[in-house]
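Q:
Residue numbers (this note's numbering): 52 to 484.
(1) Mind listing, in chain order, the continuous beta strand (DSSP E) runs of no fewer than 3 residues lying wholly within the segment 401-476?
(2) I need the boundaries of the alpha helix (DSSP H) containing residue 171, first residue and last residue.
(3) Per DSSP, what kind of secondary structure is residue 397 in: helix, strand or coil?
(4) Who are the Cβ neighbours of residue 229 in its own chain at under 8 Å, not counting the five residues just before and after it?
(5) By DSSP, does residue 131 sit in helix, in strand, or in coil?
(6) Is the beta carbon of residue 400 closer than 9 Å to that of residue 459?
(7) Once the 5 residues before and after residue 113 are set aside, which same chain residues still bring their CB inside 7 Å of it?
(8) Within its chain, find whatever has a CB closer than 8 Å to the CB of residue 214; leave out the 5 residues flanking it on each side and keep chain order.
(9) Out of 155, 226, 179, 217, which has the shortest C-alpha to C-alpha gap to residue 198?
(10) Note down, in chain order, each residue of its chain lying with its Cβ closer than 6 Å to the Cβ of residue 395, except the 5 sequence neighbours on either side.
(11) Should residue 440 go down as buried or exposed, given a rule of 16 or more other Cβ atoms within 10 Å for buried?
(12) Taking the beta carbon of residue 221 as the centre, do at least 16 other beta carbons fall within 10 Å, making it buried, or is it exposed?
(13) Quick one: give me the first and last residue of the alpha helix (DSSP H) that residue 200 is part of.
(14) According to DSSP, simplified to helix, strand and coil, what is residue 323?
(15) So, with DSSP's three-state summary, where would you put residue 155?
(16) Hey, could you find the ends of the beta strand (DSSP E) residue 284 is sitting in?
(17) Quick check: the Cα distance between residue 305 and residue 377, rounded to an integer number of angstroms?
(18) Among the residues of its own chain, which have a CB less than 7 Å from the CB of residue 479, if the five just before and after it don't count?
(19) Rounded C-beta distance between residue 256 and residue 449? I'm assuming under 8 Å.
(20) Can you tell which of 297, 370, 424 has its C-alpha closest to the C-alpha of residue 405?
(21) Just mark residue 52 as buried or exposed, buried being the case when its beta carbon has 16 or more other beta carbons within 10 Å.
(22) For residue 161, list the residues DSSP reports as bridge partners.
(23) How many angstroms separate the CA atom of residue 139 from the CA atom of residue 407?
(24) Whose C-beta lies closer than 6 Å to the C-beta of residue 362 among residues of the same chain, with five residues either side of it excluded?
(25) For residue 451, which of 443, 444, 442, 429 has the nearest alpha-carbon?
(26) Going by the DSSP bridge assignment, what does residue 246 pair with across the sheet?
(27) From 438, 427, 446, pick the residue whose C-alpha is nearest to that of residue 454; which is it?
(28) Could you tell me the distance, in whole angstroms, from the CA atom of residue 122 to the CA atom of residue 465?
(29) Who are the Cβ neighbours of residue 473 in its own chain at under 7 Å, not counting the five residues just before and after it?
(30) According to DSSP, is residue 124 helix, strand or coil?
(31) Going along the chain, which unbroken runs of the beta strand (DSSP E) with 3 or more residues stay wholly within the segment 329-390?
(32) Residue 66: buried (16+ other C-beta within 10 angstroms of its C-beta) or exposed?
(33) Under 9 Å between the Cβ atoms of residue 149 and residue 384?
(34) For residue 140, does the three-state DSSP call read helix, strand or coil?
(35) Can you check which of these residues, 346, 223, 443, 366, is closest to residue 146 by C-alpha distance?
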């Protein structure tokens, strides 16, 4: 088999076989083909697409390119959750402890953030002494003790994806739905869960800007998961404004705790109830999604979700006292307030711009190697449809750098559209597949 022949075949819009996909992935991981040849095939896929079978072949080959987690030592139906990324997307820190407290094992490998799409591991790293890097043996021990583990990704988990994504990032081939599907699902399938709930974000602050592309991505991932014998549910949710009001690392930990305490309602809670309800449904703990959502809310009301979060922090060496004392978490000393230039209603937000402002505070990364300021970020004071007066505070910026805070401030002043007539945010949950 020859990589040049495979490139030509896909260039000429012909479907690749399972054996050709396996050869491509194996040769890429073993260093037997050059980066420019990998890039050439990725570009041919980007231009000509993949059939459902080809996407399945590619995903399976990527799964088998490295370690595959064996979670058979843990009783029950193991459920994982993945978000395609957004702004103020704090759902994992809320959902995971609630679902785990209800007897459903949650063993999750998460990543760090890049750009304005925050990473769960960065958020957990803001908790004093919390360990986000666990050995396989430690994962087993923690899972058996608390039913909940969140750890950084195993370095040998889907090594093919690391190679492909690095090249896609510099060759303009990121925006390919088959390549996105294979990237996300290969990691989810290799992580070993029995069921996966996907939160596919759609809107100005998401990778998928419109419903049509979000649904295509969601259906592609569900189909691949089902072919692999997994129960997969995709929830398409809106990202026309930040999901939560706290955007950053320690800030999002605080908001997650406030939701678990029952103090914070709104969009973040509603998405969490839906995603968690789907996880409980897939784990056969409830018979309907609505029953699952009600059980999620009940677990917030009775405090069991919060107690599981406290137990989870302690079990991974973090300081559980942060649950009651937020001053133990880092917070930027430089504070800038963003004032409304006029009276009216918030009719629109440029959520991507708000995300970019978050990155400028130091809370996010431009490049993978960039350090993160765990105490930096933004607190939003308004939502779409809200009425404000001239001079009211729209948002607050936190940073450890005056220069970074000013950069974020400038971006935020352009992120809000204020109108004379009231408008309403669109549907929050757009579809469930």
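Note that the Cβ used here is the ideal one computed from N, Cα and C, for glycine as well.
A: To lay it out plainly:
(1) 428-431, 444-450, 467-470
(2) The sequence position of residue 171 within the chain shown is 120, counting from 1. Counting along the chain, the alpha helix (DSSP H) containing residue 171 begins and ends at 171-176.
(3) Your numbering for residue 397 matches position 346 in the chain shown. It is a strand residue.
(4) Translated into positions along the chain shown, residue 229 becomes position 178. Once the five neighbours on either side are set aside, the close Cβ partners of residue 229 are 96, 100, 101, 105, 106, 109, 271.
(5) Against the chain shown, residue 131 aligns to sequence position 80. Three-state result, residue 131: strand.
(6) Counted from its first residue, the chain shown places residue 459 at position 408. Counted from its first residue, the chain shown places residue 400 at position 349. No; because the gap between Cβ atoms is not below 9 Å, this pair is not in contact.
(7) Numbered from its first residue, the chain shown carries residue 113 at position 62. Here the set comprises 76, 209, 211, 212, 233, 237.
(8) Taking the chain shown and counting its residues from 1, the one referred to as residue 214 is at position 163. Answer for residue 214: 79, 80, 89, listed in chain order.
(9) Numbered from 1 along the chain shown, position 147 holds the residue referred to as residue 198. For residue 198, the nearest C-alpha among the options comes from 155.
(10) As a first step, residue 395 is located in the chain shown; it is residue number 344 there, counting from the start. 469, 470, 471, listed in sequence order.
(11) Stepping through the chain shown from its first residue, residue 440 is reached at position 389. Burial call: exposed.
(12) Counting from one through the chain shown, the residue named residue 221 turns up at place 170. Its Cβ having fewer than 16 others within 10 Å, residue 221 is exposed.
(13) In the chain shown, counting from the first residue as 1, residue 200 sits at position 149. Unbroken run through residue 200 is the beta strand (DSSP E), 199-203; no alpha helix (DSSP H).
(14) Translated into positions along the chain shown, residue 323 becomes position 272. Reduced to three states, the DSSP call for residue 323 is helix.
(15) Locating residue 155 in the chain shown gives position 104, where the first residue counts as 1. Looking at residue 155 - three-state DSSP - the assignment turns out to be coil, as it is neither helix nor strand.
(16) Counting from 1 along the chain shown, the entry for residue 284 is found at position 233. 282-289 is the span of the beta strand (DSSP E), which, as asked, contains residue 284.
(17) For this step, residue 305 is matched to residue 254 along the chain shown. For this step, residue 377 is matched to residue 326 along the chain shown. Approximately 7 Å between the Cα atoms of the pair.
(18) Counted from its first residue, the chain shown places residue 479 at position 428. These residues qualify, in order along the chain: 288, 289, 318, 321, 322.
(19) Locating residue 256 in the chain shown gives position 205, counting from the first residue. Locating residue 449 in the chain shown gives position 398, counting from the first residue. About 19 Å separates the two Cβ atoms, so there is no contact after all.
(20) Numbered from 1 along the chain shown, position 354 holds the residue referred to as residue 405. Minimum Cα distance to residue 405 is reached at 297.
(21) As a position in the chain shown, residue 52 is number 1, starting the count at 1. The residue in question, residue 52, is exposed, as its Cβ has fewer than 16 Cβ neighbours within 10 Å.
(22) The residue labelled residue 161 in the question sits at position 110 within the chain shown. 203, per the DSSP bridge assignment.
(23) Stepping through the chain shown from its first residue, residue 139 is reached at position 88. Stepping through the chain shown from its first residue, residue 407 is reached at position 356. Distance between the alpha carbons of residue 139 and residue 407 is about 12 Å.
(24) Residue numbering aside, residue 362 sits at position 311 when the chain shown is read from its first letter. Contacts found: 197.
(25) Within the chain shown, the letter at position 400 stands for residue 451. Considering only alpha carbons, the answer is 429.
(26) As a working note, residue 246 is residue 195 in the chain shown. Residue 246 pairs with 130, 282.
(27) The count along the chain shown starts at 1 and reaches residue 454 at position 403. Ranking 438, 427, 446 by Cα distance to residue 454 puts 427 first.
(28) Here residue 122 refers to the residue found at position 71 when the chain shown is read from its first residue. Here residue 465 refers to the residue found at position 414 when the chain shown is read from its first residue. Roughly 47 Å between the two C-alpha positions.
(29) If you number the chain shown from 1, residue 473 lands on position 422. 396, 436.
(30) The residue labelled residue 124 in the question sits at position 73 within the chain shown. Correct three-state label for residue 124: coil.
(31) 385-390
(32) As a first step, residue 66 must be located in the chain shown, where it is residue number 15. Residue 66 comes out exposed.
(33) Position 98 of the chain shown holds residue 149. Position 333 of the chain shown holds residue 384. No, the pair does not count as a contact, with Cβ atoms beyond the cut-off.
(34) By one-based count along the chain shown, residue 140 stands at place 89. Three-state DSSP puts residue 140 in coil, outside helix and strand.
(35) Working through the chain shown from its first residue, we reach residue 146 at position 95. The shortest C-alpha separation from residue 146 is found at 346.
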